[in-house]
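Chemist:
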Amino acid sequence: MKVLLVGGGGREHALAWALSGSPLLGKLWCAPGNAGIAEIAECVAIGAEDVTGLLAFAREQGVDLVVVGPEAPLTLGLADACAEAGIRCFGPSAAAAKLEGSKAFTREVATAAGVPGAEWAQFTDPNAARAYVRQKGAPIVVKADGLAAGKGVVVAETVEQAEAAIAAIMEDRVHGAAGATVLIEECLLGQEVSFFALCDGEVALPMAAAQDHKRVGDGDTGPNTGGMGAYSPPPAFTADIETQVMERIIRPTLAEMARRGAPFRGVLFAGLMLTEQGPKLIEFNVRFGDPECQVLMLRLQSDLLAALAAACDGTLDQAELRWSREAAMVVVMAAQGYPGAYRKGSVIEGLEQAAQVPGAQVFHAGTARGDDGALVATGGRVLGIAASGATLGAARDAAYAAVDAVRWPDGFCRRDIGWRAL
1 MKVLLVGGGG
11 REHALAWALS
21 GSPLLGKLWC
31 APGNAGIAEI
41 AECVAIGAED
51 VTGLLAFARE
61 QGVDLVVVGP
71 EAPLTLGLAD
81 ACAEAGIRCF
91 GPSAAAAKLE
101 GSKAFTREVA
111 TAAGVPGAEW
121 AQFTDPNAAR
131 AYVRQKGAPI
141 VVKADGLAAG
151 KGVVVAETVE
161 QAEAAIAAIM
171 EDRVHGAAGA
181 TVLIEECLLG
191 QEVSFFALCD
201 GEVALPMAAA
211 QDHKRVGDGD
221 TGPNTGGMGA
231 YSPPPAFTAD
241 IETQVMERII
251 RPTLAEMARR
261 GAPFRGVLFA
271 GLMLTEQGPK
281 LIEFNVRFGD
291 PECQVLMLRL
301 QSDLLAALAA
311 ACDGTLDQAE
321 LRWSREAAMV
331 VVMAAQGYPG
341 AYRKGSVIEG
351 LEQAAQVPGA
361 QVFHAGTARG
371 DDGALVATGG
381 RVLGIAASGA
391 TLGAARDAAY
401 AAVDAVRWPD
411 GFCRRDIGWR
421 AL
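For the sequence shown, the UniProt record's numbering begins at 1 and goes up steadily by one.
#1: Going along the chain, which residues of its own chain have a beta-carbon closer than 8 Å to the beta-carbon of PRO234, five neighbours each way excluded?
#2: Is the beta carbon of VAL295 sitting closer than 7 Å to the one on CYS413?
#3: Going straight from the alpha carbon of ALA405 to that of LEU28, what length do you get?
#4: With DSSP run on the structure shown, which of helix, strand or coil describes ALA374?
#5: Note the first and the last residue of the continuous alpha helix (DSSP H) segment covering LYS214.
#6: Taking the alpha carbon of GLU160 as the reference point, which residue from SER388, ALA177, VAL142, ALA197 has its own alpha carbon closest?
#7: The beta strand (DSSP E) spanning MET273 covers which residue range?
#8: Just to confirm, are ALA121 and ILE184 a CB contact at a threshold of 7 Å?
#9: Helix, strand or coil: how does DSSP classify HIS175 here?
#10: At the level of alpha carbons, what is the spacing between GLY379 and ALA334?
#11: In whole angstroms, what is the alpha-carbon distance linking ILE166 and LEU99?
#12: Output the distance between the C-alpha atoms of PHE237 and LYS103, rounded to the nearest integer angstrom.
#13: By how many angstroms is the C-alpha of GLN353 removed from the C-alpha of ALA94?
#14: By the DSSP assignment, the beta strand (DSSP E) with ASN224 in it spans what residues?
#15: What residue range does the alpha helix (DSSP H) around VAL403 cover?
#16: In angstroms, rounded to a whole number, what distance separates the CA positions of VAL68 and GLN135?
#17: Following the continuous beta strand (DSSP E) through LYS98, name the residue where it begins and the one where it ends.
#18: May I have the straight-line CA-CA distance separating ALA48 from ASP290, to the nearest angstrom?
#19: To the nearest angstrom, how far is the alpha carbon of ALA310 from that of ASP200?
#20: Taking 7 Å as the cut-off, decide whether the C-beta atoms of LEU392 and ALA327 are in contact.
#21: Measure the Cβ-Cβ separation of ALA144 and GLY101 and say whether it is below 7 Å.
#22: For CYS413, which of helix, strand or coil comes out of DSSP?
#23: Going along the chain, which residues of its own chain have a beta-carbon closer than 7 Å to the beta-carbon of PRO358, five neighbours each way excluded?
#24: Looking only at its chain, what residues have a beta carbon closer than 8 Å to the beta carbon of VAL376, apart from the 5 residues adjacent to it on each side?
#25: Considering only residues of the segment 57-131, which uninterrupted alpha helix (DSSP H) runs meet the minimum length of 4 residues and lie entirely inside it, listed in chain order?
#26: Could you tell me the distance, in whole angstroms, from the CA atom of GLY91 to the CA atom of VAL267?
#27: Is the beta carbon of GLY10 less than 7 Å from the beta carbon of GLY350?
#28: Buried or exposed: ALA56, going by 16 or more other Cβ atoms within 10 Å of its Cβ?
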């Protein structure tokens, strides 16, 4: 099969790494890719949101399957454009991608499907939102309705913090048009878990769970980021909880989306809170998580390409996914200053030594090659240093041994990934 992978981050490097091991793969392109992906796929200079350019390339090259990494191309209708051209695309239609594109839409679907979740209300008037917060009290959650690169959620410990978040999102528009509407939600208590299921519109096949670390600093301090590390499997996510999630959250949502004429095909990523009353939905995403994808791909033992093709073809009932019993962890190395302003262009060395740590795998997120061939940082989250091991502790030790082999003075990482379990 000829495959075009869309995106250029750590998630896409992990997907490229897994796809490259498939016996079904003939040719792999990645648009736009990064320096790490370029070692295993042919990178093409087309932006991930350039739907017209991506479709033209897929037609010219006779691509059999387009695999979409990030959410933005999906909300822009890349899967719809591929369908019209007769090209298989792993990822939902724009109508189904609204599950991530609008948090209010997700809550409407979840409510209609009877999915357990937080009490919620939506507002387009900041004064009305502030009045609701004062009525409900804190802690309380404020969310920008639209896409905000994983940074549009504020868990406010006080009413004042909530009001400040409303002002920033709705009045200062720190997330642009994504903040025209906000959701105010009940603050659920428990452990947060990311769970992934492959869907073909009718059938949902459970994948695996992971725990992400959103805050930038050790001990879950500082502002939210796109994710500073993850591990899988989370000990708190038992087989019984997985059954509950599939029966109460994933399958009812799939049925409701089909009823609305927008069947969901792709990977459904449920952000969950494991509460004393059972698992509850925080939000949906319509693609693999980043950095959760990196640990999922380390643990996946079956053919990823075959599974993605089955999701596109409506044959997931005949597919199988096999998972390693080993644990996996990824530690994100970011540029100093992230998630605020950060400098680009600093040189990174030592990745060959990092990759030699037993069990370790280096994933690139924001990297490029300079004119002299040196590896340079081009983003905020730059590397995902991952490792697998017989236990979570062994995976952690290997991951941090590989981190310590990297020579990058302008980079930093959290040193406590996996603390909840360890």
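Yeah, the Cβ is synthetic: ideal placement off N, Cα and C, and Gly gets one too.
Modeler: In short, the structure shows the following:
#1: The residue given as residue 234 occupies position 234 in the sequence shown. Only GLN191, VAL193, ALA209, ALA210, GLN211, ARG420, ALA421 meet the Cβ criterion.
#2: One-based indexing of the sequence shown puts residue 295 at position 295. One-based indexing of the sequence shown puts residue 413 at position 413. No. Outside cutoff.
#3: Taking the sequence shown and counting its residues from 1, one reaches residue 405 at position 405. Taking the sequence shown and counting its residues from 1, one reaches residue 28 at position 28. Looking at the two C-alpha atoms, the distance is approximately 30 Å.
#4: What you label residue 374 is simply residue 374 of the sequence shown in a count that begins at 1. Reduced to three states, the DSSP call for ALA374 is coil.
#5: Start at 1 with the first residue of the sequence shown, and residue 214 comes out as number 214. Premise fails: LYS214 is in no alpha helix (DSSP H) and is neither H nor E.
#6: Against the sequence shown, residue 160 aligns to sequence position 160. Looking at the Cα atoms, VAL142 is the closest of the given residues.
#7: Start at 1 with the first residue of the sequence shown, and residue 273 comes out as number 273. Segment 265-275, the beta strand (DSSP E) holding MET273.
#8: To locate residue 121, count along the sequence shown from 1; it is residue 121. To locate residue 184, count along the sequence shown from 1; it is residue 184. Yes.
#9: Counting from one through the sequence shown, the residue named residue 175 turns up at place 175. In this structure, HIS175 counts as coil in the three-state DSSP scheme.
#10: Within the sequence shown, the letter at position 379 stands for residue 379. Within the sequence shown, the letter at position 334 stands for residue 334. Spanning the two alpha carbons is a distance of roughly 8 Å.
#11: Counted from its first residue, the sequence shown places residue 166 at position 166. Counted from its first residue, the sequence shown places residue 99 at position 99. When rounded, the distance between both Cα atoms is 22 Å.
#12: Counting from one through the sequence shown, the residue named residue 237 turns up at place 237. Counting from one through the sequence shown, the residue named residue 103 turns up at place 103. Whole-angstrom Cα-Cα distance: 24 Å.
#13: Within the sequence shown, numbered from 1, the residue matching residue 94 stands at position 94. Within the sequence shown, numbered from 1, the residue matching residue 353 stands at position 353. Cα to Cα, the separation comes out at about 43 Å.
#14: Taking the sequence shown and counting its residues from 1, the one referred to as residue 224 is at position 224. Looking at the DSSP string, the run of the beta strand (DSSP E) that includes ASN224 is 221-224.
#15: Stepping through the sequence shown from its first residue, residue 403 is reached at position 403. 392-405 is the extent of the alpha helix (DSSP H) around VAL403.
#16: On the sequence shown, residue 68 is found 68 positions in, with the first residue counted as 1. On the sequence shown, residue 135 is found 135 positions in, with the first residue counted as 1. Taking the straight line from one Cα to the other gives about 42 Å.
#17: As a first step, residue 98 must be located in the sequence shown, where it is residue number 98. Looking at the DSSP string, LYS98 is not in any beta strand (DSSP E); the run it does join, the alpha helix (DSSP H), is 94-101.
#18: In the sequence shown, counting from the first residue as 1, residue 48 sits at position 48. In the sequence shown, counting from the first residue as 1, residue 290 sits at position 290. One C-alpha to the other measures close to 16 Å.
#19: Here residue 310 refers to the residue found at position 310 of the sequence shown. Here residue 200 refers to the residue found at position 200 of the sequence shown. Going from the Cα of ALA310 to the Cα of ASP200 covers about 8 Å.
#20: By 1-based counting over the sequence shown, the position of residue 392 is 392. By 1-based counting over the sequence shown, the position of residue 327 is 327. A contact, by the Cβ cut-off of 7 Å.
#21: The residue you call residue 144 lines up with position 144 of the sequence shown. The residue you call residue 101 lines up with position 101 of the sequence shown. Cβ distance not < 7 Å, so ALA144 and GLY101 don't count as in contact.
#22: Counting from one through the sequence shown, the residue named residue 413 turns up at place 413. Coil at CYS413, not helix or strand.
#23: Mapped onto the sequence shown, residue 358 falls at position 358. Hits under 7 Å: ALA398.
#24: Here residue 376 is taken as the residue at index 376 of the sequence shown, counted from 1. Around VAL376: LYS344, GLY345, SER346, VAL347, ILE348, THR367, ALA368, ARG369, GLY370.
#25: 72-75, 78-84, 94-101, 103-113
#26: Taking the first residue of the sequence shown as 1, we reach residue 91 at position 91. Taking the first residue of the sequence shown as 1, we reach residue 267 at position 267. Going by the C-alpha atoms only, they are around 7 Å apart.
#27: Here residue 10 corresponds to residue number 10 of the sequence shown, with the count starting at 1. Here residue 350 corresponds to residue number 350 of the sequence shown, with the count starting at 1. Not closer than 7 Å, so no.
#28: In the sequence shown, counting from the first residue as 1, residue 56 sits at position 56. So ALA56 counts as exposed.
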